[in-house]
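Position 115 (the sequence shown) corresponds to 115 in UniProt numbering; numbering is contiguous. Glycine included, C-beta positions come from ideal geometry on N, C-alpha and C.
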Amino acid sequence: MYFDIMENGSSQMDARLAERLRGLRRERGLTLDGLAERAGVSRSMISLIERGESSPTASVLHRIATGLGATLASLFAEEERPEASPVARRADQPAWRDPGTGYLRRNLSPPGFPSPIELVEVVLPPGARVAYDAVPRVVGID
1 MYFDIMENGS SQMDARLAER LRGLRRERGL TLDGLAERAG VSRSMISLIE
51 RGESSPTASV LHRIATGLGA TLASLFAEEE RPEASPVARR ADQPAWRDPG
101 TGYLRRNLSP PGFPSPIELV EVVLPPGARV AYDAVPRVVG ID
């Protein structure tokens, strides 16, 4: 069952997420302070996440994605690779669990495959709620 995979791979996902956030922030020429101001998340929290020392909640990740001008799904995406397959086995689909709510998010889109769409599966435990801030977003969506 994929919940077991998620439990065993959480530190690996935190490390992957840390690398991706750091890379996107640097690509956009943002300092930790700059991203903190744009995202409304403390500089120290962003630093902890980028070092893989903190597991952020979905709400915090949403705010960081907004500050980066990116989609939440793109925070979990791999860099595009020309040799990437257009199909991904379930075991190769990155999954992440929100430590605050137990919300599980799995990227269904094949890792590294260039595509204009991002497919995501979300499993929300009964009674759990994930609140996202209603902030204007400037993300290119087709």
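Assign residue i to one of three DSSP states: helix, strand, or coil.
i, result
"Ala95", "strand"
"Val130", "coil"
"Met104", "For the sequence presented, residue 104 should be read as Leu rather than Met. Looking at Leu104 - three-state DSSP - the assignment turns out to be strand."
"Val87", "coil"
"Glu121", "strand"
Note down the Cα distance separating residue i from residue j, rounded to an integer number of angstroms.
i, j, result
"Ser59", "Leu48", "16 Å"
"Leu24", "Ile46", "12 Å"
"Arg26", "Ser42", "17 Å"
"Gly67", "Ala18", "16 Å"
"Thr31", "Val122", "31 Å"
"residue 163", "Arg89", "Within the shown structure, residues of the chain are numbered from 1 to 142, placing residue 163 beyond reach of any answer."
"Met13", "Asp33", "24 Å"
Tell me whether the beta-carbon of residue i lies closer than 8 Å to the beta-carbon of residue j.
i, j, result
"Asn107", "Pro94", "yes"
"Ala73", "Val120", "yes"
"Ala65", "Leu75", "yes"
"Glu118", "Ala70", "no"
Would a check of beta-carbon distances place residue i closer than 8 Å to chain D?
i, result
"Leu108", "Among the chains of the structure shown, chain D does not appear; only one protein chain is present."
Cβ contact check for the stretch 108-116 and the stretch 76-93: 3 or more pairs under 8 Å: yes
Sequence ranges, alpha helix (DSSP H) only - wholly within the stretch 8-73, length at least 4: 10-27, 32-39, 43-50, 58-68
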